[in-house]
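> Chain order of the listed sequences is W and B. According to the numbering used here, the first sequence is numbered sequentially starting from 9. According to the numbering used here, the second sequence is numbered sequentially starting from 9. All C-beta atoms in this analysis are idealised placements derived from N, C-alpha and C, irrespective of residue type, glycine included.
Protein chains: 2
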Amino acid sequence: MDATSRKTTQKLVKLAEDVVAQASAGRNPAVEVPTRSLANVRFNEKKRIIELGGDKQKRLFFNVAQAKKFMQTFLVGAACRELIAEGKTTSIRDLYYLTKHTLGKTKQNTFEEQEESDPIIEDLEVTVDALREELHLFASNKGNLVGEITLVDSGDTIDARRMGSGGWGVPSIVEADVIQFKRHEAKFVLLVEKDAVFRRLNEDRFWKKHHCILIHGGGQPPRGVRRLVHRLHDELSLPVYVLVDNDPWGFYIYSVVKQGSINLAYESMRMAVPRARFLGLSSFDKERFGLPDNVTIQMTEDDERRGKQMLAYPWFEQKPWRREIERMLKSGVKLEIEALSSMGISFITDEYLPKKLREGDWLE
Amino acid sequence: MDATSRKTTQKLVKLAEDVVAQASAGRNPAVEVPTRSLANVRFNEKKRIIELGGDKQKRLFFNVAQAKKFMQTFLVGAACRELIAEGKTTSIRDLYYLTKHTLGKTKQNTFEEQEESDPIIEDLEVTVDALREELHLFASNKGNLVGEITLVDSGDTIDARRMGSGGWGVPSIVEADVIQFKRHEAKFVLLVEKDAVFRRLNEDRFWKKHHCILIHGGGQPPRGVRRLVHRLHDELSLPVYVLVDNDPWGFYIYSVVKQGSINLAYESMRMAVPRARFLGLSSFDKERFGLPDNVTIQMTEDDERRGKQMLAYPWFEQKPWRREIERMLKSGVKLEIEALSSMGISFITDEYLPKKLREGDWLE
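1. Got a sec: is the Cβ-Cβ distance from B:W176 to anything in chain W below 7 Å?
2. For a cutoff of 7 Å on Cβ pairs, would you count W:R101 as touching chain B?
3. What's the C-alpha gap between W:E121 and B:Y274?
4. Report, in whole angstroms, the separation of the C-beta atoms of W:M229 and W:G151, which I expect to be a contact under 8 Å.
5. Compare the C-beta of B:G258 with all C-beta atoms of chain W and state if any pair is closer than 7 Å.
6. Using a Cβ distance threshold of 8 Å, determine whether the stretch 172–190 of chain W contacts the stretch 75–82 of chain B, with at least three qualifying pairs required.
7. By the DSSP assignment, the beta strand (DSSP E) with W:D161 in it spans what residues?
8. Taking only beta-carbon atoms, is B:N149 less than 7 Å away from chain W?
9. Give a yes or no on whether 7 Å exceeds the smallest Cβ distance from W:D455 to chain B.
10. Examine chain W for any beta-carbon lying closer than 7 Å to the beta-carbon of B:Y274, and answer yes or no.
11. Could you tell me the alpha carbon to alpha carbon distance between B:I221 and B:W215, rounded to whole angstroms?
12. Give a yes or no on whether 7 Å exceeds the smallest Cβ distance from B:L106 to chain W.
13. Report the rounded CA-to-CA distance for W:I353 versus B:I100, giving the unit in angstroms.
14. Does the stretch 260–269 of chain B come close enough to the stretch 52–61 of chain B that 3 or more CB-CB pairs lie under 8 Å?
15. Starting from W:D164, find everything on chain B with Cβ-Cβ shorter than 9 Å and list it in chain order.
16. So is B:S349 in contact with chain W if we call contact Cβ pairs under 7 Å?
17. In angstroms with no decimal places, state the Cα-to-Cα distance between W:G177 and W:A204.
18. Considering only residues of the stretch 233–280 of chain W, which uninterrupted alpha helix (DSSP H) runs meet the minimum length of 4 residues and lie entirely inside it, listed in chain order?
19. Which runs of the beta strand (DSSP E) at least 3 residues long sit entirely within the stretch 17–82 of chain B? Give them in chain order.
20. Of the choices W:A33, W:N210 and W:Y260, whose alpha-carbon is the least far from that of W:G155?
21. Got a sec: which bits of the stretch 297–310 of chain B sit with their beta carbon under 8 Å from any beta carbon on chain W, in order along the chain?
22. Taking buried to mean at least 16 other C-beta atoms within 10 Å of its own C-beta, is B:G232 buried or exposed?
23. Please determine, among B:V303, B:R296 and B:F292, the residue with the shortest C-alpha to C-alpha distance to B:R331.
24. Put B:R191 into one of helix, strand or coil per three-state DSSP.
25. Quick check on the DSSP output: the beta strand (DSSP E) that includes B:V200 runs from which residue to which?
26. Report, in whole angstroms, the separation of the C-beta atoms of B:E183 and B:E142, which I expect to be a contact under 8 Å.
27. Closer than 8 Å, Cβ to Cβ, to anything on chain W: give me those residues from the stretch 83–100 of chain B, in chain order.
28. Could you work out which residues of chain B lie near W:F146, taking near to mean beta carbons separated by less than 8 Å?
29. Work out the CA separation of W:T17 and W:A24 for me, nearest whole Å.
30. List the whole-angstrom C-beta distance separating W:L289 from W:I345, where the pair is believed to meet the contact cut-off of C-beta under 8 Å.
31. Using the C-alpha atoms, what's the distance from B:I223 back to W:G368?
32. Taking only three categories from DSSP, how would you classify W:D167?
33. Whole angstroms is fine: what's the gap from W:V378's alpha carbon to B:K66's?
34. Determine the closest residue to B:E90 out of B:I181, B:T107 and B:K77, with distance taken between C-alpha atoms.
35. Could you tell me which of W:R56, W:T12, W:F70 and W:M307 sits nearest to W:V39, measuring between CA atoms?
36. From the beta carbon of W:N152, is the nearest beta carbon of chain B less than 7 Å away?
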């Protein structure tokens, strides 16, 4: 068993031992679960990430309202411990089936729906302070990677310079016991929102000319992609550039990469890249690059509402960001990355990105 | 330029030359576009695929209702020809931006929305008889592959036995000029619906023990995955097994892999695998494998409606298929692949699949 697995197992075992000790001492067994509500989420100005505050709530065994959740917490904990011991990983959907039993001869099930087991997993993550991936649970497999790095995935050496047009599929679990970084010549990481843009840049061998690692997350990057980008930034000291659509959804994607999300505030520390740079598309790009009027898309009411919300985010309060968002709102239009193709199919590879990088034209 | 690209270019050039010849002869220039309506789609009993009938419609240049579409057809054709000449590929979204212009000083655009350019692409595909991929256009990148095969992708050698936990990302264009098959020891292809199941089977090295190629398409497989499976079947004579959820959506996924879809009937010949085998989950699996009652999911009204529709499909008219669907409808419940985990996390790898394969327990 590797070091991470040993550590996570110890955390799970300690959780159980504490409860046993309480029971042996004649006390009502309880676990303290950090509160995952909005009221307990804050933006840490210094670290520049969204994180969980210190509020906790007790989950008691002898309490009619909490007994079931108490049982579920340990059921999930036991299943994760077993997964780790067997060296296997599974999806959260699978875990639901793994731990679903009918109790005795009753019609009562341990879980009725996955909506019941998912929050228990999140509770367990915060309670024992272990990422879902460390509990051997995974989310969806999405996103691809190519570029100037060699890495090891489950013992297989992956030379990302020789991954063809498809690239290496970024797995959902990218912890150090699964993925190790080897030789690299990359000077930065470029994370793009869309697989079509990834394909364009890969076909043009952008990563080779500019010595980088190119990744896409197929829209909002899944946990595996975010965690991998975090590790590349953290362990290899590579700057991270993000390229998204010029619309509130694109800005939101960037914002989650940068400081984490409110929902999963407890994992920002290991998922977020506070210094991630917003490369584009900027609300000023249309003028700066002379794009035609006909490639813009009218904002919807929902876009406008979300744009205005963003103005209130503390991580968008610096002047350059306010200018970005206000300009977008004022123009009333959105711009997709693909709109750059109106200037030529490889305009993005040959003109747009090199100019942005050369001139340091990004926001942080 | 490779042979495929040369051939496709010739087809596009011929389309244009025909029109020029008509104009020179003083006739109203026209192209004949095979009709893609439901009325012109049929199930070919002999080939066992859904295909387009012989109906065609004329698209005339001097016709107020058709002039714009006529122009659009050639605009898209010219763009595709250029793409092929440059050796570049692009997304259909990109193509929309590439070909969108404002006409002169009018406010008239060549295309207003992508919904206008997409059907033109499909028209062009059927008219010149070339797959979208041969026109250098791609859909989404989705799906991964691992297993006992070495292939070449854009000049890079991909050993799918050494692709770690993530696998090789199946690109959207997998034509012979991009992807070539090299050495393989695989005895069959296993196409699974879900990435979580792919991960489970890959972690257990199912493909190594059973000598196969393992692919998932992240739900409904994208064109790249379907076309690749078709090529593996066709060129390497590998049987194809499909593993999907036991619900109407899962059956539909299988059905599209097998005989194509009504929407894209004109490409069945090069995408469908009429002899693809349905390995599961069968409506009889719950009893056969002693799964607990609590893992079933109630069918919705929509499920029932779709199930009943399937009974009318000519490709499901054989008795074993009728029994399958009728059983599902009668039980009123669905069963996900993940439900097998209630019997143990690797039950699918160690028991379910080996038993099915050993006993020839599938439908065709």
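Reading from the atomic positions:
1. Working through the second sequence from its first residue, we reach residue 176 of chain B at position 168. Yes, B:W176 lies at the interface with chain W (some Cβ there is under 7 Å from its Cβ).
2. As a position in the first sequence, residue 101 of chain W is number 93, starting the count at 1. At least one chain B Cβ lies under 7 Å of W:R101.
3. Reading the first sequence from its first residue, position 113 is the one you call residue 121 of chain W. Reading the second sequence from its first residue, position 266 is the one you call residue 274 of chain B. Their backbone Cα atoms lie some 42 Å apart in a straight line.
4. Residue mapping note: residue 229 of chain W aligns to position 221 of the first sequence, counting from 1. Residue mapping note: residue 151 of chain W aligns to position 143 of the first sequence, counting from 1. A quick correction: the sequence has Pro, not Met, at residue 229 of chain W. Confirmed, about 6 Å.
5. As a first step, residue 258 of chain B is located in the second sequence; it is residue number 250 there, counting from the start. B:G258 does not count as touching chain W.
6. no
7. Position 153 of the first sequence, counting from 1, holds the residue named residue 161 of chain W. Its beta strand (DSSP E) spans residues I157 to D161.
8. For the purposes of this step, residue 149 of chain B is taken as residue 141 along the second sequence, with counting starting at 1. It does: the Cβ of B:N149 has a partner Cβ on chain W nearer than 7 Å.
9. Only positions 9 to 372 of chain W appear in the structure, and residue 455 of chain W is not among them; the question remains open.
10. Counted from its first residue, the second sequence places residue 274 of chain B at position 266. Chain W contact via Cβ: absent.
11. Here residue 221 of chain B refers to the residue found at position 213 when the second sequence is read from its first residue. Here residue 215 of chain B refers to the residue found at position 207 when the second sequence is read from its first residue. Whole-angstrom Cα-Cα distance: 6 Å.
12. In the second sequence, residue 106 of chain B corresponds to position 98, counting from 1. It does; some Cβ of chain W falls within 7 Å.
13. The residue given as residue 353 of chain W occupies position 345 in the first sequence. The residue given as residue 100 of chain B occupies position 92 in the second sequence. Cα-Cα distance, rounded: 12 Å.
14. yes
15. For the purposes of this step, residue 164 of chain W is taken as the residue at position 156 of the first sequence. In chain order: D167, R169, R170, M171, G172 and S173.
16. The residue you call residue 349 of chain B lines up with position 341 of the second sequence. The beta carbon of B:S349 falls within 7 Å of a beta carbon belonging to chain W, placing the residue at that interface.
17. As a working mapping, residue 177 of chain W is identified with position 169 in the first sequence. As a working mapping, residue 204 of chain W is identified with position 196 in the first sequence. Answer to the nearest angstrom: the Cα atoms are 15 Å apart.
18. 256–267 and 276–279
19. 38–42, 49–52, 57–60 and 64–68
20. Here residue 155 of chain W is taken as the residue at index 147 of the first sequence, counted from 1. Comparing Cα positions, the closest option is W:N210.
21. P300, D301, N302 and V303
22. For the purposes of this step, residue 232 of chain B is taken as residue 224 along the second sequence, with counting starting at 1. With 16 or more Cβ atoms within 10 Å of its Cβ, B:G232 is classed as buried.
23. In the second sequence, the residue the question calls residue 331 of chain B occupies position 323. Among B:V303, B:R296 and B:F292, the Cα nearest to that of B:R331 belongs to B:F292.
24. By 1-based counting over the second sequence, the position of residue 191 of chain B is 183. Reduced to three states, the DSSP call for B:R191 is strand.
25. In the second sequence, the residue the question calls residue 200 of chain B occupies position 192. Unbroken beta strand (DSSP E) run through B:V200: F196 to V200.
26. Residue 183 of chain B sits at position 175 when you count from the first residue of the second sequence. Residue 142 of chain B sits at position 134 when you count from the first residue of the second sequence. That pair is a contact at about 6 Å.
27. L91, E94, K96, T97, T98 and S99
28. Here residue 146 of chain W refers to the residue found at position 138 of the first sequence. Those within 8 Å of W:F146 in chain B are A204 and R207.
29. For the purposes of this step, residue 24 of chain W is taken as the residue at position 16 of the first sequence. For the purposes of this step, residue 17 of chain W is taken as the residue at position 9 of the first sequence. About 11 Å.
30. Position 281 of the first sequence, counting from 1, holds the residue named residue 289 of chain W. Position 337 of the first sequence, counting from 1, holds the residue named residue 345 of chain W. Indeed they touch by this definition, with Cβ atoms about 6 Å apart.
31. Start at 1 with the first residue of the first sequence, and residue 368 of chain W comes out as number 360. Start at 1 with the first residue of the second sequence, and residue 223 of chain B comes out as number 215. Their Cα atoms are separated by approximately 41 Å.
32. Start at 1 with the first residue of the first sequence, and residue 167 of chain W comes out as number 159. The answer is strand: DSSP assigns W:D167 an E or B state.
33. This structure cannot speak to residue 378 of chain W, because chain W is shown only from 9 to 372.
34. Within the second sequence, the letter at position 82 stands for residue 90 of chain B. It is B:T107.
35. The sequence position of residue 39 of chain W within the first sequence is 31, counting from 1. Looking at the Cα atoms, W:F70 is the closest of the given residues.
36. Residue mapping note: residue 152 of chain W aligns to position 144 of the first sequence, counting from 1. Interface residue, yes.
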